[in-house]
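Residues 3 to 1167 (the working numbering) make up the sequence shown, in order. This report concerns only the one structure given below.
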Amino acid sequence: MAELAARVSEISVIRVKSINGSRKRSSFPNEANKPAVRRVRKNSSQLLQQCPQRLRIRQQLRRQTQLLQQQQQQQLQVSLKLAVLCTHNVPIPLLATTDTIPMTTGKFQDYNTVHTKKITMELTVTDSTTTTITTTTDTASTTTATTATTTTTTTTTTLPTCTVTCLNQTWLSNASILGKWHFENNYADEFNLHNGVASGSPNLTFVQGYAGQAISFVANSNQMVSTSYIPLANISFSIDAWIYPTGLTNALHQSICGLCPTAAADQCLHMTLRLTGSSYPLYFGLFMDDVNTNTPATLTKIWVHAAFVYDAKNRTLSVYRDGIFLSGGSTSSGLKATSGSFQIGNLPVLVTSINTWQGYIDELSVSGRLKSACEILEQATLAARFSFDGSSPLLDLGPNSVASHASNYSLVSGRTLQAISFMGTSSSFLQTSGFLALGIANQPFSFSLWVKPQSLVGTILHVSTNSSGTGFCAPFIGFSSNGSLIVQIMTNTSYVAISYSSLSLIEFTHIVQTWSSTNGLRLYINNALIGSIAAATYRTASTWVNYVTLGGCLNGCVSCSTVPGNQILSGPFAGAVDDFRVYSREVTASDDKKDKYMDFASQLLQQYPQRLRIRQLLRRQTQLLQQQQQQLQVSLKLAILCTHNIPIPLLATTDTITMSTGKFQDYNSVHTKKITMQLTVTDSTTTTITTTTGMFQKRNIFYYGIHWSSLDTASTTTKTTAATTTTTTTTTLPTCTVTCLNQTWLSNASILGKWHFENNYADEFNLHNGVASGSPNLTFVQGYAGLAISFVANSNQMVSTSYIPLANISFSIDAWIYPTGLSNALHQSICGLCPTAAADQCLHMTLRLTSSSYPLYFGLYNDDVNTNTPATLTKIWVHAAFVYDGKNRTLSVYRNGIFLSGGSTSSGLKATSGSFQIGNLPVLVPTINTWQGYIDELSVSGRLKSACEILEQATLAARFSFDGSSPLLDLGPNSIASHASNYSLVSGRTLQAISFTGTSSSFLQTSGFLALGIANQPFSFSLWVKPQSLAGTIVHVSTNSSGTGFCAPFIGFSSNGSLIVQMMTNTSYVAISYSSLSLIEFTHIVQTWSSTNGLRLYINNALVGSIAAATYRTASTWVNYVTLGGCLNGCGSCSAVPGNQILSGPFAGAMDDFRVYSREVTASD
C-alpha cells in the first residue's frame, strides 16, 4: 500500500524529458555530482535485494501512507485505484469506493513476469480507510491489506487451475523437456539427447504429418523406434503426441509409446489404444496401475492430439484428447522402471500379441513436469499466434512454430505493444503456412485478431492452398463494396456471411470469427456476439496444408471470389493488425467472458488522457500532495525506483540520480525501450525525470503521471507544478556513440530476402528463391552458421533470383564471406543487381583489386566507394555490410561490424529490372569476376541498418535472456540450437533466470560457435550469476556434445571456492581468480580475450584482473559446443592441461542474460 500510495504521488509531480535516438547518457546539471552518481549506479545492483528490507525506506513510505490516508481519503481511494491499474496498463471505469474489480490481465503477465505470471487481480475498496489488493498467480495467492496504522501480509499456496478460460495468457513452455521428436525424415530428438533408432520390417517410412512430416507404421509388423533410457521413475511427467490411426485391428493394444522393460506392476509405462468392447479408446498405464478412458472411441484417418500426465505427488494419471480432459485415476505407486529403452510405435514386452501402432505419429514430446490443462489445451488447439512484438515480430508463438514471411510492412503502436501495418498495396502482406486443420472439411476453427483499418476496403484474411493465394482459396474476413465488415465461409454450394457496419477507423477492434457444425458461423466484436448463421458444413480442399495471408489476397483476388454468395470485395488492405491467433476449435462466449475488462481497458487506453473526470481527480490529488511536498520528495524517488526494481540510497532533495535501467526497459517496453533515466529533485515543488531512449513509440496515455505523446524520433519534456503544465518538443536522430550493449538492435523489419544456403538456394521468405547456373555445379561446405555456398575460381558459376526492388530506396545488404583465393583481374563479386553497365544502373558489392590487395568495394557504377584498407585476407570468415542511405545519398561499408569507409552519390540506384545475382556479375566487367570461396547468411533489407545493428549482427554470436514463453531461444543473429535438462526458471536479475541443480544431468548446451573454434580469434563471455555454492563449472567449451573432444573449462570455481576465468594458450592455461563472489545476489561476470589485451575479467563492470596471453589455443575451424552448468563427460579429461585451476564438476545456482561475442568487449562497452 505504501509503495502504491507513493506511485500515486508520481502522478502529480513528475515532468519528463525524453531524448529519442541518443544512446548517450544524459549530461549532469552539476559536474561535481558525477562521482556520487557513479557510486549510486555501481551500488544499485547490490541494493536490488535489500530494498524491501531497508528500514528507512519502510519508515518513509509508512509515514507517507499515513499522510495520504489522513487527508481526503475518499478522494484518494479512486485516484489510488486508477494509479494502480494504469501503472499496470490496465485502466478501468471510474467506480465507487465500495466496488470490486476482477481482471484477467494478459498485459500484466507479459511485462511484469519479473514477479509473477498469469495474474488475476481483484481490487476491493471496502471503506474510507482500507484497500485490499488480492493477486492470484499460477503458483501462489498473496493478500496484502493496508490500513492507517498497520500493514500485514499473508501468503498461502494454491494449485494452478484452468476454470473458465485459457485465453489471454501464454501457457506453452519448454521447461524440463526430456525429449522431442518431430520425425522430419529422421528419428532425431530435437535436443540430441535421446535420438531414435529404427528397427523391424518393413522399413519405416515418412508421410505428411500434422506439422511437417510424420512417421508411418504398418499393421502386423514389428516396426519400432527405440531411444536411450529416459529418467521418468518416481517423478511427475507429461507425454503428448499427434496420432493418426489408419486401422484398428490388433488383438488388444495399439502402442503409441512407452518405457516397458518388464511386464510387472509399475515397471511398464504404456500409452496405447486398448480394445474395450468393440472400440479402441486411449489407455494410460504403469502395468496394473492403469486408466482406461473407455470413451470416446478412437476414429481412424483423423489427426488426434493425445496427452498423458502423471502427477507423482498425488499419484494420479490423467488422459486428454484434443486438449479436453477425458479420464483420470489413482495409482498405488509411481513408475519404478530405472532402465530400458523408450519405445515408439511398439512395446514388445507389454503383451505377447502384436501391438504395433497402425498409422502415423507426429510431434511426440516427453517433459519431466506436470503440464497444466491450459497448456495441453493450447498445445492441441492453438494453431498459431503472432503478437508482432519484440525483436522477432514475425515469430509464431504457438506450439507448431509455423513459418511466416512478410513484405512491405511496418511496425506501429498496437493494441498491446506493437502491431503490423499494411500499406494497402498488393506487395504488402503477411503470409503463414502449415495449417493442416484448416484443410480438413468440417473441422471447427476460429480466427482472432485486433484490427485498426485506415479505410474500409480490401481483404483482411485470405486462405489458400498455394502460396500465391490461388488454388483452393477463399477470402474469410474483409470488407464489402459498401464498407461493411464481412466474415464468411464456403459451404458445399456457396458462401454464407455475416456483416457488421460500425467498424472503427480510430481505434483497435477485436474480431473473432468461429465455425463449428453445432453453432455454424459466428462473429464476435469486442467480445460481444454480433451475428450467427447456421452452416452445418465447412468446405475446403480436404487434407491440404493451407496458407493464411493477412493484408490481401495476392494473385487470388479474382479467382477465389467467384463462388456464389461471396460478399467480400477482395483486394489489398490498409491498416494495422495485432495479436493474430488461429485455433483448431470453436472459441466460445465463455472463453471471452473474462476478457471484457481487458477490452474496456483497450478502449479506455486511447481515451484516458482526455477523460475529464480523471483529469479533475488528478488535479485535486496534486493539490493534496503539494501540502506536504517536502516529505514527499524522498518517498517519491524511492517509490519510482523501487517500482522499477532499481533501489537507490536515500538522498537529499537536491540530489541527482542517473541510471541505465534494464528492468524498466524490459517490462515497460509498451511505451519506450532502451532507457537511460535521470531523476532530479530540484526544490520542494518540482521533480524532473529525464529519459533517453533508442526507440520511442507512438503513445498518448498517462504512465506514472507522465503524458507520453510523441513520434518515434521525438524528445519531449513535460514539467508539472501546482499551477502550470508546459511541453516542448524537439526532434533528434538516433545515434550509436559509446556502446551498443544492453540493448537489442536486431530486426527482421523490411527484409526483402535472406539466403542461408543450407543445401539449397531458397530465400527464407520464399519470395526470391535462387537458381544456380554455370559450370562446374555449385557445392556446399561448412559455413559460418550451418552450411555455405562454395564458388571456384575461373568459372561462370552464379546464383540468380528474381528482381529485388532496391531502386530509389534505402537498403542494407550483408553477408559472411570466406575468400579462398584472390586472383581475378579486377573484381571478386559477392552480389549485386546489375542489368546494365551504366551510371547508377549497376549495384555491385565486390572485392576490387587496388594496388596489390582486394579491399571491400561498394558501388552503383560511377557512384562508388572503395574502402582501400584493410586488405582482405584469404581463408578467414569476414562479415561484410553495405548500407545505402537513400535520403542523404550516401554509401557505407562495414567489415566485422566496424565502419570502414563511406561516400556520397550523385543519385540513387535506378535499376528497375534484372535479376539479383550472387557470386558473379557478368555485366559488370568483361573479365571473369566470379567469387572465389564461400558465401553464407546473405540478407537484403529495404531499410537503413544502424551501426549498432551491424555490429551486433557481426559479433554477437548468441544471447539467451531466459525470459518469456521460449526461455531457451537464442535471441542473437545466428539462431543457434540449444537444449537443457533438469533445470528450472527462477526470478532473475531481469525477469527470469535459468537455475541448475548441481547434478551432472542439469545443464544447458548450445551449439554452432564457429568463431570459438578459430585460434587467436577474440571472444567474450558475459553473464549474470547467483551461485548456491562456490563449486563447479559455469562455462565449458568442447568440440563434442558430450563435453569431450578438444575441450576446456572457461569459467568456474577453484578448490578453495574462488571464481576462476581461464583460457588455454599454446602450452598451458592462464587464469584470473576472484575471491569475493556473492551467494545472495546476482553478479555480472565478463571474460574477454584478445591478442592485444590478453585475458581479462570484469566483475560488475569493473576490471578486476588482466594477464598477458598473446595466443588462444583451440581446435582450429571446429564448430564448438558451449555448456552452462557443468562439463558433462569432459570434467576429467578436459582439465588435464597444465595450469588448470577450475575444479570441474556440476554447478548449482542461477544464471541470467548469457551472451557470447566474437570480439573483445572493452571497458567502454
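Each residue gets a CB set at the ideal place from its N, CA and C atoms; glycine is no exception. Treat the numbers as computed from the prediction; the structure is a model and nothing was measured.
Nearest-angstrom Cα distance between residue i and residue j?
| i | j | result |
| --- | --- | --- |
| Val1208 | Ala1104 | Past the edges of the chain, shown from 3 to 1167, lies residue 1208, and the structure says nothing about it. |
| Gly834 | Ile930 | 15 Å |
| Arg1 | Ile508 | This structure cannot speak to residue 1, because the chain is shown only from 3 to 1167. |
| Ala421 | Ser389 | 7 Å |
| Ser997 | Leu195 | 20 Å |
| Leu789 | Asn188 | 19 Å |
| Leu438 | Thr1094 | 56 Å |
| Val988 | Ala809 | 50 Å |
| Gly1034 | Glu186 | 37 Å |
| Ile815 | Met847 | 9 Å |
| Leu556 | Val459 | 15 Å |
| Gly223 | Asn205 | Before going on, a small fix: residue 223 reads as Ser here, not Gly. Between Ser223 and Asn205, the C-alpha separation is close to 10 Å. |
| His255 | Thr358 | 8 Å |
| Pro401 | Gly966 | 14 Å |
| Phe666 | Asp580 | Residue placement at Phe666 is flagged as unreliable, the pLDDT there being 26, under the threshold of 50; the coordinate-derived value follows with that caveat. Those two C-alpha atoms are separated by around 23 Å. |
| Leu413 | Ser423 | 6 Å |
| Gly1015 | Ser393 | 28 Å |
| Gly287 | Glu939 | 48 Å |
| Thr1008 | Arg961 | 11 Å |
| Gly1000 | Thr1125 | 14 Å |
| Leu399 | Arg387 | 5 Å |
Using alpha carbons as the reference points, say which of the options lies closest to residue i.
| i | options | result |
| --- | --- | --- |
| Ser466 | Leu789, Arg541 and Gly1015 | Arg541 |
| Leu1145 | Gly1054, Ile245 and Ser1078 | Gly1054 |
| Asn521 | Gly287, Asn1018 and Arg587 | Arg587 |
| Gly554 | Cys475, Ser334 and Phe793 | Cys475 |
| Gln799 | Ala253, Leu923 and Phe582 | Leu923 |
| Gly279 | Gln843, Ala299 and Met273 | Ala299 |
| Leu234 | Ser332, Asp291 and Thr340 | Thr340 |
| Thr871 | Leu862, Arg850, Arg891 and Gly888 | Arg850 |
| Gly534 | His881, Gly785 and Gln515 | It should be noted that the sequence gives Ser, not Gly, for residue 534. Ranking the options by Cα distance to Ser534, first place goes to Gln515. |
| Tyr526 | Val560, Leu487, Trp546 and Tyr549 | Leu487 |
Under 6 Å Cβ to Cβ from residue i, same chain only, skipping five residues before and after it: list those, please.
| i | result |
| --- | --- |
| Ser1 | Outside the modelled stretch of the chain, which goes from 3 to 1167, sits residue 1, for which no answer is possible. |
| Ser563 | Ser572 |
| Ser807 | Before going further, note that residue 807 is Pro rather than Ser in the sequence given. So the list is empty, once near-sequence residues are dropped. |
| Ser201 | Met226 |
| Gly1151 | Lys1028, Pro1029 and Gln1030 |
| Ile952 | Ala883, Tyr896 and Gly899 |
So residue i and residue j are supposed to be a Cβ contact under 8 Å. How far apart are they, rounded?
| i | j | result |
| --- | --- | --- |
| Thr1090 | Ile1101 | Going by Cβ atoms, the distance from Thr1090 to Ile1101 rounds to 13 Å, so no, they are not a contact pair. |
| Ile791 | Phe759 | 4 Å |
| Tyr497 | Val565 | 6 Å |
| Pro1020 | Ser1160 | 7 Å |
| Phe239 | Val351 | In fact, because the Cβ distance is near 20 Å, the residues do not count as touching under 8 Å. |
| Gly330 | Arg317 | About 11 Å separates the two Cβ atoms, so there is no contact after all. |
| Ile491 | Phe449 | The Cβ separation is near 11 Å, so there is no contact. |
| Cys259 | Cys270 | 12 Å between Cβ atoms; not a contact. |
Closer than 8 Å by C-beta to residue i: which residues in its own chain qualify, once you throw out the five before and the five after it? Chain order, please.
| i | result |
| --- | --- |
| Tyr1071 | Ala1050, Gln1064, Met1065, Val1139, Pro1140, Gly1141, Asn1142 and Gln1143 |
Between which residues of its own chain and residue i is the CB-CB distance below 7 Å, once the five residues before and five after are set aside?
| i | result |
| --- | --- |
| Ser752 | Ser943, Gly944 and Arg945 |
| Trp173 | Ser374, Cys376, Glu377 and Glu380 |
| Ser483 | Leu571 |
| Gly1127 | Phe998, Ser1004, Phe1005, Leu1006, Pro1148 and Phe1149 |
Quick check on the DSSP output: the beta strand (DSSP E) that includes residue i runs from which residue to which?
| i | result |
| --- | --- |
| Glu939 | Gly935 to Ser943 |
| Leu328 | Ile326 to Ser332 |
| Leu1097 | Gly1096 to Ile1101 |
| Asp292 | Asp292 to Asn294 |
| Asp1154 | Ala1150 to Tyr1159 |
Tell me where the alpha helix (DSSP H) around residue i begins and ends.
| i | result |
| --- | --- |
| Thr852 | It is not in any alpha helix (DSSP H) - Thr852 carries neither H nor E in the DSSP assignment. |
| Ile378 | Ala375 to Thr383 |
| Cys950 | Ala949 to Thr957 |
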